[in-house]
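Asker:
Protein chains in written order, with my numbering: chain A, 1 to 203; chain B, 1001 to 1176.
1. Using the rule of at least 16 other Cβ atoms within 10 Å of the residue's Cβ for burial, across every protein chain shown, is residue 1070 of chain B buried or exposed?
2. Going along chain A in order, which residues have a C-beta closer than 8 Å to the C-beta of residue 1035 of chain B?
3. Please report whether the beta-carbon of residue 1089 of chain B lies at a distance below 8 Å from any beta-carbon of chain A.
4. Return no unless some Cβ of chain B is closer than 8 Å to the Cβ of residue 102 of chain A.
5. With distance defined between alpha-carbon atoms, name the residue in A:24, A:162, A:15 and A:138 nearest to residue 149 of chain A.
6. Consult DSSP for residue 127 of chain A and reduce its assignment to one of helix, strand or coil.
7. Excluding five sequence neighbours on each side, which residues of the same chain lie with their C-beta closer than 6 Å to the C-beta of residue 98 of chain A?
8. Taking buried to mean at least 16 other C-beta atoms within 10 Å of its own C-beta, is residue 1172 of chain B buried or exposed?
9. If we ignore side chains and look at the alpha-carbon of each, how far apart do residue 115 of chain A and residue 125 of chain A end up?
10. Scan the region 144 to 163 of chain A for residues whose Cβ lies nearer than 9 Å to a Cβ of chain D and list them as they occur along the chain.
11. Chain A beta carbons: is any one of them nearer than 8 Å to that of residue 1058 of chain B?
12. Flag this pair as touching only if the region 1048 to 1057 of chain B and the region 1130 to 1145 of chain B have three or more C-beta atom pairs under 8 Å; answer yes or no.
13. Is residue 1120 of chain B close to chain A? Criterion is C-beta to C-beta, closer than 8 Å.
14. Within 8 Å (strictly less), CB to CB, does residue 121 of chain A reach chain B?
15. Do the CB positions of residue 1120 of chain B and residue 1155 of chain B come within less than 8 Å of each other?
16. Would residue 167 of chain A be called buried (16 or more neighbouring beta carbons within 10 Å of its own) or exposed?
17. Assuming the contact rule is C-beta atoms closer than 8 Å, residue 57 of chain A and residue 1035 of chain B should be a hit. Round their C-beta distance to whole Å, please.
18. Given residue 1090 of chain B, which residues of its chain have a CB within under 7 Å of its CB, disregarding the five upstream and five downstream residues?
19. Please say whether residue 1105 of chain B and residue 1134 of chain B have beta carbons closer to each other than 8 Å?
20. For chain B, is any of its Cβ atoms less than 8 Å away from the one on residue 82 of chain A?
21. Residue 1149 of chain B by DSSP, collapsed to three states: which one?
22. Can you give me the Cβ contacts of residue 139 of chain A inside the same chain, cut-off strictly under 6 Å, excluding the 5 residues immediately before and after it?
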């Protein structure tokens, strides 16, 4: 899927550039995006290092498995393949909590940590497991209690009631998260999880 | 309610950064040693994301640079009009899944043009806040663990984005 989307975006760009005469803008888009991508990744180094260290402490202290066990019924419903005592369960809970509170600096490292834990349960390391897709759907849906960025934009524009969007955001984001997760669970049977793939199929 | 939520979001990180090692100390964990052990992976994880993020962001950058966004928007406009979806929000609904900074700029522009307390302004702000930048999350989260076959992740996330756009408009019409 991503193969086609990736190629499609670039191919369409080339065709449209030929019609619009925007080849230079396409070049600029490619070059600038490449360095932006590296800046974003390098920008993650500090918080990634911090949270991976803190999460290791949380694991050693038994907090991560405690969280996983506390929310066991919900986790079992969403992630049937994740054993309740597994660190993945606790990491998923922590990442989701950070997302809900709008703690962007913590949410990404914690989410990546959760993915790493899910990867340890994944038989095929190149292919996303059902649990990974469900977790990704949950993250892109991102239930947010505090849309801090947008409240800031509204305040800057001189809004008289900038927090009016808190209620609407909670409803919309809840709807999108439920839709994404339900779709993920419904679609998983149509995209079979890779078994022990035969050697020739992997190349 | 709002004050309580803001207090939580301001204090959450400092409290966690102390509370987690405190729990470790109580359980006789050598907290600093363990912290360093886990923290060592940070650099590798960030660097591992680079190829995935470059791939995705370059394709999106080219697509936007070419002006193809305008074509998609005008192609979708009749559909939006037929369903009562505000046509001002069509570009935002598409941009939101592709680029965080692009959709933030677009939302800010809509808010300033229509007014922060206008229906369109609130719809735009709600829409922005109701979903993540799907392709960025996809590249970063799957990139960090080296997943190349994404299976049904893209369709599921895009369904979520579509529902976010529709729900943002519907709930604003209903509440304001």
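Just so you know, even glycine gets a beta-carbon here, dropped at the ideal spot from N, CA and C. In this text, all values refer to a predicted model and were calculated from it rather than measured experimentally.
Answerer: Let me spell this out:
1. Exposed, since its Cβ has fewer than 16 Cβ neighbours within 10 Å.
2. Simply 53, 54, 56 and 57.
3. No, no contact with chain A.
4. Yes, residue 102 of chain A counts as interfacial toward chain B.
5. Distance check between residue 149 of chain A and each of A:24, A:162, A:15 and A:138 places A:162 closest, using alpha-carbon atoms only.
6. The answer is strand: DSSP assigns residue 127 of chain A an E or B state.
7. Hits under 6 Å: 106, 107 and 110.
8. A residue is called buried when at least 16 other Cβ atoms come within 10 angstroms of its Cβ; residue 1172 of chain B meets this threshold and is buried.
9. Approximately 11 Å between the Cα atoms of the pair.
10. Protein chains A and B are contained in the structure displayed, whereas chain D is not.
11. Interface residue, yes.
12. With a cut-off of 8 Å, the region 1130 to 1145 of chain B and the region 1048 to 1057 of chain B count as touching, because enough Cβ pairs lie within range.
13. No, residue 1120 of chain B lies away from the interface with chain A (no Cβ there is under 8 Å from its Cβ).
14. By this cut-off, residue 121 of chain A is not an interface position.
15. No, they are not a contact pair.
16. With fewer than 16 Cβ atoms within 10 Å of its Cβ, residue 167 of chain A is classed as exposed.
17. Correct: roughly 5 Å between the Cβ atoms.
18. Here the set comprises 1073, 1076, 1077 and 1080.
19. For residue 1134 of chain B and residue 1105 of chain B, no; Cβs fall outside 8 Å.
20. No, residue 82 of chain A does not count as interfacial toward chain B.
21. Note: residue 1149 of chain B maps to strand in three-state DSSP.
22. The beta carbon of residue 139 of chain A lies closer than 6 Å to those of 111 in the same chain, with the five residues before and after it left out.
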